[in-house]
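Report on one structure; see the data block that follows.
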Ligand code: NAD
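Numbering (the working numbering), first residue to last: 302 to 610.
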């Protein structure tokens, strides 16, 4: 521990940060913003080529970044990357458990894989990150774990059943961990993005939209929910992380909706919840071929449409 005089969490100059899902969208933007603020960034993603491009762009702009291949479903690989980072850099300030996928569609149409695929990445991927980093952060006496959940972790999100299930789980786990970790000097925050303009909105590389859902129609619905750009999200997120906020909801207007759900869930269900349900049902209806538009949907059981692998 060479810099014993400065042996505490760095914010963010000279900090060491691992960002999972760092090849695309929010993860790539967090990587850029961390590097702009002087951090050394490790972009860990299944999409190594894309992560490498993001790292090159960061380095070309004067930052410090590298890309590593990681499937967050692999606990051993995750542990190895955290161990190697600490061995090489002497510390780990930040772990962003950000990799995530979505599988759209109604729960009645889900196959077991539509649950398992999402649970394995969105929940177990975060658990693997915590298992790998938390003990080491306790040992070094500092660190900040930031888990990307979603407003779908605070609100029920119709037509995204497995996604909203895992995001609620990530919020719950992060809240418990924040309380436990404080006495060891380790911070825990939860990012709850509203809608951010990234590939996940149309299924992403490893997720998928629901059966028969047309990407352009889905995108129109997301536009109605006022998406923000990933770089804008990352700037606001790092400001809040620097302040060690627990639950970070961006953009801020979603806070009002989360508050309504938390304090008057009946009113939420009748108003915003019903509205979200109508919007999603409308996307399903408009996407369906004319022959399916009026058909009773109850017998469908073939599962969500695969857009990725
Ligand atoms: P994205 O599709 O642009 O990025 C997701 C990244 O995760 C991709 O680079 C992908 O390769 C990577 N990834 C997927 N599975 C992986 C795995 N098994 N191992 C390693 N990497 C994997 O989407 P995004 O919007 O940037 O999503 C980032 C996070 O933000 C996700 O957790 C997502 O659920 C969350 N989120 C996004 C929004 C939004 O509107 N975009 C809203 C709320 C929450």
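Here a beta-carbon is modelled for each residue, glycine too, at the ideal position from N, C-alpha and C.
Look at the alpha carbon of residue 369 and the alpha carbon of residue 510, and state the distance between them as a whole number of angstroms. The residue given as residue 369 occupies position 68 in the chain shown. The residue given as residue 510 occupies position 209 in the chain shown. For residue 369 and residue 510, the distance between alpha carbons rounds to 28 Å.
Would residue 446 and residue 489 be called neighbours here (beta carbons separated by less than 8 Å)? For this step, residue 446 is matched to residue 145 along the chain shown. For this step, residue 489 is matched to residue 188 along the chain shown. A contact, by the Cβ cut-off of 8 Å.
Inter-residue Cα distance where the pair is residue 557 and residue 452: Stepping through the chain shown from its first residue, residue 557 is reached at position 256. Stepping through the chain shown from its first residue, residue 452 is reached at position 151. Answer to the nearest angstrom: the Cα atoms are 11 Å apart.
Residue 463 classed as buried or exposed, judged by whether at least 16 other C-beta atoms fall within 10 angstroms: As a first step, residue 463 is located in the chain shown; it is residue number 162 there, counting from the start. Buried.
CA-CA distance, residue 529 and residue 535? Within the chain shown, numbered from 1, the residue matching residue 529 stands at position 228. Within the chain shown, numbered from 1, the residue matching residue 535 stands at position 234. When rounded, the distance between both Cα atoms is 10 Å.
What is the rounded straight-line gap between the Cα of residue 455 and the Cα of residue 474? Along the chain shown, one-based indexing puts residue 455 at 154. Along the chain shown, one-based indexing puts residue 474 at 173. Distance between the alpha carbons of residue 455 and residue 474 is about 13 Å.
So what does DSSP say about residue 346, is it helix, strand or coil? To locate residue 346, count along the chain shown from 1; it is residue 45. Strand at residue 346.
Between which residues of its own chain and residue 559 is the CB-CB distance below 7 Å, once the five residues before and five after are set aside? To locate residue 559, count along the chain shown from 1; it is residue 258. Excluding sequence neighbours, residue 559 sits near 452, 455, 456 and 550.
Run the CB neighbour count on residue 615, radius 10 Å, all protein chains shown included, and call it buried at 16 or more, exposed below. In the structure as shown, the chain starts at 302 and stops at 610, and residue 615 therefore has no counterpart that could be examined.
Which listed residue (561, 313 and 399) has its alpha carbon closest to that of residue 325: The count along the chain shown starts at 1 and reaches residue 325 at position 24. Minimum Cα distance to residue 325 is reached at 399.
My guess is that residue 584 and residue 518 are in contact by the Cβ rule of under 8 Å, so how many angstroms apart are they, rounded? Reading the chain shown from its first residue, position 283 is the one you call residue 584. Reading the chain shown from its first residue, position 217 is the one you call residue 518. Right, their Cβ atoms sit about 5 Å apart.
If we ignore side chains and look at the alpha-carbon of each, how far apart do residue 364 and residue 351 end up? Locating residue 364 in the chain shown gives position 63, counting from the first residue. Locating residue 351 in the chain shown gives position 50, counting from the first residue. Roughly 17 Å separates the two Cα atoms.
Here's the rule I'm using: 16 or more other beta-carbon atoms within 10 Å means buried, otherwise exposed. How should residue 346 be labelled? Reading the chain shown from its first residue, position 45 is the one you call residue 346. The residue in question, residue 346, is buried, as its Cβ has 16 or more Cβ neighbours within 10 Å.
Measure the C-alpha to C-alpha separation of residue 430 and residue 396 and round it to an integer number of angstroms. Counting from 1 along the chain shown, the entry for residue 430 is found at position 129. Counting from 1 along the chain shown, the entry for residue 396 is found at position 95. Answer to the nearest angstrom: the Cα atoms are 8 Å apart.
Using only the alpha-carbon positions, how far apart do residue 575 and residue 470 sit? Counting from one through the chain shown, the residue named residue 575 turns up at place 274. Counting from one through the chain shown, the residue named residue 470 turns up at place 169. For residue 575 and residue 470, the distance between alpha carbons rounds to 23 Å.
Over the uninterrupted beta strand (DSSP E) stretch that includes residue 490, give me the two end residues. Working through the chain shown from its first residue, we reach residue 490 at position 189. Residues 487-494.
With 8 Å set as the bound, which would you pick, yes or no: does the beta-carbon of residue 571 sit closer than that to a beta-carbon of chain C? No chain C appears in this structure, which consists of one protein chain only.
May I ask you to verify whether the region 305-314 touches the region 381-388, counting CB pairs closer than 8 Å and requiring at least 3? no
Residue 341 by DSSP, collapsed to three states: which one? In the chain shown, the residue the question calls residue 341 occupies position 40. Three-state DSSP puts residue 341 in a strand.
Start-end ranges of the alpha helix (DSSP H) lying completely within the region 502-588, minimum 4 residues: 516-525, 531-543, 555-564, 566-569 and 575-588
Would a C-beta distance cut-off of 8 Å place residue 401 and residue 322 closer than the cut-off? Position 100 of the chain shown, counted from the start, is the residue given in the question as residue 401. Position 21 of the chain shown, counted from the start, is the residue given in the question as residue 322. Result yes, Cβ atoms of residue 401 and residue 322 sit closer than 8 Å.
On the CB-based measure, 16 or more other CB atoms within 10 Å of its CB, does residue 492 come out buried or exposed? In the chain shown, counting from the first residue as 1, residue 492 sits at position 191. So residue 492 counts as buried.
What does a CB cutoff of less than 6 Å around residue 595 pick up in its chain, not counting 5 residues either side in sequence? Numbered from 1 along the chain shown, position 294 holds the residue referred to as residue 595. Note that residue 595 has pLDDT 48, beneath the 50 cutoff, so the model's placement of it is unreliable and the number below is only indicative. Nothing meets the Cβ criterion.
Quick one: what's got a C-beta closer than 8 Å to residue 378's C-beta in the same chain, skipping five residues either side? Start at 1 with the first residue of the chain shown, and residue 378 comes out as number 77. Counting only Cβ-Cβ distances below 8 Å, and skipping sequence neighbours, we find 371 and 372.
On the premise that residue 485 lies in contact with residue 439, defined as a C-beta separation below 8 Å, what is that separation, rounded to the nearest angstrom? As a working mapping, residue 439 is identified with position 138 in the chain shown. As a working mapping, residue 485 is identified with position 184 in the chain shown. Confirmed, about 4 Å.
Collapsed DSSP secondary structure at residue 481 in the structure displayed: For the purposes of this step, residue 481 is identified with residue 180 of the chain shown, where counting begins at 1. Three-state result, residue 481: helix.
Between the Cα of residue 328 and those of 497, 588, 523 and 515, spot the shortest distance and give me the residue it belongs to. Here residue 328 is taken as the residue at index 27 of the chain shown, counted from 1. Checked all of 497, 588, 523 and 515; the closest Cα to residue 328 is 497.
What separation, rounded to the nearest whole angstrom, lies between the Cα atoms of residue 480 and residue 487? Your numbering for residue 480 matches position 179 in the chain shown. Your numbering for residue 487 matches position 186 in the chain shown. Taking the straight line from one Cα to the other gives about 10 Å.
Assign residue 310 to one of three DSSP states: helix, strand, or coil. Translated into positions along the chain shown, residue 310 becomes position 9. Here residue 310 sits in coil by DSSP.
Is residue 499 near ligand 1, with its Cβ less than 7 Å from a heavy atom? Here the question's residue 499 lines up with position 198 in the chain shown. At least one heavy atom of ligand 1 is nearer than 7 Å to the Cβ of residue 499, so yes.
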